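> Before I ask anything, let me first share the structure, which is written out below as structure tokens.
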Amino acid sequence: ELAREPLPMGKLRFQNEREEQAASLVQSGMVSVARTNVVDSDTTRVEGRVRARGRKQSPWLVLDSDERISDAACDCYYFGQNKLFKGPCEHILALRIAFARRRNGRSS
Numbered sequence: 081e082l083a084r085e086p087l088p089m090g091k092l093r094f095q096n097e098r099e100e101q102a103a104s105l106v107q108s109g110m111v112s113v114a115r116t117n118v119v120d121s122d123t124t125r126v127e128g129r130v131r132a133r134g135r136k137q138s139p140w141l142v143l144d145s146d147e148r149i150s151d152a153a154c155d156c157y158y159f160g161q162n163k164l165f166k167g168p169c170e171h172i173l174a175l176r177i178a179f180a181r182r183r184n185g186r187s188s
């Protein structure tokens, strides 16, 4: 036994607050995948809409063949201030989750 107390799995599930917010947005049905475009065999562009805190955001992202985000943008304040230097905003992350669920046949 490494710890006396059980690990707080709820806190370990997400790497940061933005990931937790993204999961909540998807779970609440606030994310829609508007368009997907297979650019080539290695690249997919995904565009969507996210409703959060009374606003509608329009994130997009480009996934490479390993499903990593190679490019992305959003019209939210966080992205405007940080671009991708501090990681993607919750809207981009939510779009990625919604796209993965749709691709795997699961509803958002």
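Positions 81 to 188 (the working numbering) are the ones given, in order, by the sequence shown. All residues carry an ideal CB built from backbone N, CA and C; glycine is no exception. Keep in mind it's a predicted model, so treat the numbers as computed, not measured.
1) Report the rounded CA-to-CA distance for residue 108 versus residue 131, giving the unit in angstroms.
2) Could you tell me which of 137, 146 and 177 sits nearest to residue 160, measuring between CA atoms?
3) Got a sec, what are the start and stop residues for the beta strand (DSSP E) residue 128 sits in?
4) Between 177, 128, 129 and 135, which lies nearest to residue 148 when the distance is taken from Cα to Cα?
5) Starting from residue 101, trace the alpha helix (DSSP H) in both directions and tell me its first and last residue.
6) Rounded to a whole number of angstroms, what is the C-alpha to C-alpha distance between residue 154 and residue 99?
7) Is residue 180 helix, strand or coil by DSSP?
8) Would a C-beta distance cut-off of 8 Å place residue 113 and residue 128 closer than the cut-off?
For this structure:
1) Position 28 of the sequence shown, counted from the first residue, corresponds to residue 108. Position 51 of the sequence shown, counted from the first residue, corresponds to residue 131. Using only the alpha carbons, I get a separation of about 10 Å.
2) Against the sequence shown, residue 160 aligns to sequence position 80. The shortest Cα separation from residue 160 among 137, 146 and 177 belongs to 137.
3) Position 48 of the sequence shown holds residue 128. 123-132 is the extent of the beta strand (DSSP E) around residue 128.
4) As a first step, residue 148 must be located in the sequence shown, where it is residue number 68. That would be 177, whose Cα lies nearest to the Cα of residue 148.
5) For the purposes of this step, residue 101 is identified with residue 21 of the sequence shown, where counting begins at 1. Residue 101 -> alpha helix (DSSP H) spans 97-107.
6) Taking the first residue of the sequence shown as 1, we reach residue 154 at position 74. Taking the first residue of the sequence shown as 1, we reach residue 99 at position 19. Straight-line Cα distance between these residues: approximately 15 Å.
7) Counting from one through the sequence shown, the residue named residue 180 turns up at place 100. Judged by DSSP in its simplified three-state form, residue 180 adopts helix.
8) Along the sequence shown, one-based indexing puts residue 113 at 33. Along the sequence shown, one-based indexing puts residue 128 at 48. Yes; because the gap between Cβ atoms is below 8 Å, this pair is in contact.
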